[in-house]
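Chemist:
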Amino acid sequence: MSTLTRRTVPALAVGAVVMLMATGCLAGENASSTSGEAGTWSTDTLSIDFATYNPLSLVVKDQGLIEKALGDEVDVEWMQSAGSNKANELLRAGALDVGSTAGSAALLARANGSPIKVVDVFSQPEWSAIVVGPDSDITSVADLKGKKVAATSGTDPYFFLLQALETAGLSVKDVDVQNLQHADGRSALDGGSVDAWAGLDPIMAAAEVESGDKLIYRNVDFNSYGFLNATEEFLTDHKDVAQVVVDAYEQARTWALANPEKTADLLATVAGIDPKVATTVITERSNLDVSGIPGDAQLAVLKKIAPVLVDSDAVTGGQDAVDKALDTIIEPTFAEKAAG
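Laid out in structure tokens, this is it:
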């Protein structure tokens, strides 16, 4: 039975009161039973991101699901995240209340002291691979030794690269990593200033079609889940609004699963890519049909990635910091309410 048929999805109505009655769950401990009426939300602002690597965020934003639930009382500020590293920077600085990252990036941030927790899972993607130009003589990971490789530090493609190198008996010290943002990595590859790129969709899919770039190494097991994260302060002080956000994500998931073509069209518009490329990303590389409740499945993947983080010296506190992050990063209660 599919996730779509198993999940009881909350219906966000135009009025927040209707939404709460439809879901059968109040918006949180900080809200009254008439949440959505004047003066009842716990905050008057919400800062949240959208990202092309997070298709559900595009649906939530495009359909105004959060705004419809909160009404005019709460000002919803949308900020675009260019990558997990940028979302993490904004979350840590307090510029975002809710932001989307890859699971590996969330674990890294939490281990390094960023006060974030995972409140929803937006996808199980195959969004990263090792990419080379159309005329490259590099055909395997082993061929990367001594080469320049573009990768965005602190993101899934970077940790994908580290794991890929390990399969060939190499380490990050065996290559010359150029720390470039995802789009800049593609530009560097196409311009010839790097030999390979640890790519990220939808930019990677566009590079295949538009530039003829080749994916020389793929491994879905090296991709971590897509996480929706919130700051601990936001979750503590504004449970009611946090619940609205997660409810909106679950409504967006149901709509996206029922409307893959429209979801691809939306991605194409926001990302500025060909609709055929967007369709590949949505239908072949973005598994949205997963439970939004973070838990054991996600922790199992993070535990596989944890040694890579420690060995890369990316975590200041080493193994102890990573272990503590694994024990505290998940906050499933909002997604559980949204699902039931």
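Just so we're aligned: the sequence shown equals residues -27 to -1, 1 to 313 in mature numbering (1 follows the signal peptide of the UniProt record, and there is no 0). We put the CB at the ideal spot given by N, CA and C, even for glycine. Predicted model, so just to flag it, every value in this text is computed and none were measured.
1) Looking at the structure shown, is alanine 79 part of a helix, part of a strand, or coil, going by DSSP?
2) Please classify threonine 7: does DSSP put it in a helix, a strand, or coil?
3) DSSP has asparagine 260 in a bridge; who is on the other side?
4) Less than 8 Å between the C-beta atoms of alanine 225 and valine 105, yes or no?
5) Establish whether the CB of aspartate 22 and some CB of chain D are separated by less than 8 Å.
6) Return the chain-ordered list of same chain residues with a C-beta closer than 7 Å to the C-beta of alanine 298, the five sequence neighbours on each side being excluded.
7) Do the segment 87 to 103 and the segment 186 to 204 meet, that is, are 3 or more Cβ pairs less than 8 Å apart?
8) Cβ of glycine 56 within 8 Å of Cβ of threonine 125?
9) Which of helix, strand or coil does DSSP assign to aspartate 48?
10) Which residue from Asn58, Thr13, Leu63 and Leu38 puts its Cα closest to that of serine 20?
11) I need the straight-line Cα distance from aspartate 116 to threonine 256, nearest angstrom please.
12) Can you find the residues in the same chain that come closer than 7 Å, C-beta to C-beta, to valine 281, ignoring five residues on each side of it along the sequence?
13) Roughly how many angstroms separate the alpha carbons of threonine 13 and histidine 211, rounded to a whole number?
14) Is serine 30 helix, strand or coil when you go by DSSP?
15) Specify the secondary structure class of tryptophan 228 as computed by DSSP and reduced to three states.
16) Apart from the five residues on each side of it in sequence, which residues of its chain come closer than 8 Å, Cβ to Cβ, to histidine 155?
17) Start and end of the alpha helix (DSSP H) containing phenylalanine 207?
18) Assign alanine 68 to one of three DSSP states: helix, strand, or coil.
19) Just the C-alpha distance for valine 295 and valine 274, rounded to the nearest angstrom, thanks.
20) Alpha carbon to alpha carbon, how far is valine 148 from lysine 121?
21) State buried or exposed for glutamate 206, treating a residue as buried only when at least 16 other CB atoms are found within 10 Å of its CB.
22) Only counting the same chain, and skipping five residues up and downstream in sequence, which positions put a Cβ closer than 7 Å to that of leucine 240?
23) Let me check understanding here. Comparing Cα to Cα, which of Gly185, Pro267 and Ala287 lies closest to serine 109?
24) So, using beta-carbon positions, are isoleucine 39 and threonine 204 closer together than 8 Å?
25) Report the three-state DSSP secondary structure of alanine 169 (helix, strand or coil).
26) Given this structure, state the Cα-to-Cα distance separating glutamine 271 from glycine 265, to the nearest angstrom.
27) Does valine 214 pass the burial test, meaning 16 or more other C-beta atoms within 10 Å, or should it be called exposed?
28) Taking 8 Å as the cut-off, decide whether the C-beta atoms of asparagine 217 and alanine 42 are in contact.
29) How about alanine 123 and glycine 158: do their beta carbons lie closer than 8 Å?
30) Which residue from Ala78, Asn61 and Ser77 puts its Cα closest to that of aspartate 70?
31) Which one of Gln151, Val91 and Asp262 has the shortest CA to CA distance from asparagine 232?
32) So, under 8 Å CB-CB, valine 190 and aspartate 93 are touching, yes? Tell me the CB distance rounded to an integer number of Å.
33) Starting from the C-beta of glutamate 46, find all residues in its chain whose C-beta is less than 6 Å away, skip the five residues before and the five after it, and write them out in chain order.
34) Assign asparagine 152 to buried or exposed, taking buried as 16 or more other Cβ atoms, counted over all protein chains shown, within 10 Å of its Cβ.
35) Quick one: what does DSSP say lysine 121 is sitting in, helix, strand or coil?
Modeler: The short version:
1) Residue state, collapsed to three classes: helix.
2) Any reading at threonine 7 needs caution, since the residue's pLDDT is 35, under 50, leaving its predicted position unreliable; the model's value is listed next. Correct three-state label for threonine 7: coil.
3) Gln97
4) no
5) This model lacks chain D altogether; it includes just one protein chain.
6) Leu80, Arg83 and Ala84
7) As far as the Cβ criterion goes, the segment 87 to 103 touches the segment 186 to 204, which means the pair count is three or higher.
8) For the 8 Å CB-CB criterion, glycine 56 and threonine 125 form a contact.
9) strand
10) Leu63
11) The straight-line gap from Cα to Cα measures roughly 31 Å.
12) Phe132, Leu135 and Gln136
13) 11 Å
14) helix
15) Under the three-state reduction of DSSP output, tryptophan 228 falls in the helix class.
16) These residues qualify, in order along the chain: Ala55, Gly56, Thr125, Thr128, Pro130, Gly172, Leu173 and Ile176.
17) 205 to 210
18) coil
19) 13 Å
20) 6 Å
21) With fewer than 16 other Cβ atoms from the protein chains shown falling within 10 Å of its own Cβ, glutamate 206 counts as exposed.
22) The residues are Thr25, Pro28, Leu31, Pro175, Ala251, Val254 and Ile255.
23) Gly185
24) In this structure, the beta-carbon distance from isoleucine 39 to threonine 204 does not fall below 8 Å.
25) strand
26) 11 Å
27) By the C-beta density criterion, valine 214 is buried, having at least 16 other C-beta atoms within 10 angstroms.
28) Strictly speaking, residue 217 in this sequence is valine, with asparagine absent from that position. Yes, the Cβ-Cβ distance between valine 217 and alanine 42 is below 8 Å.
29) yes
30) Asn61
31) Asp262
32) Checking the sequence shown, residue 190 turns out to be tyrosine, not valine. Their Cβ separation, rounded to whole angstroms, is 30 Å, which puts tyrosine 190 and aspartate 93 out of contact at 8 Å.
33) Trp14
34) exposed
35) It is a strand residue.
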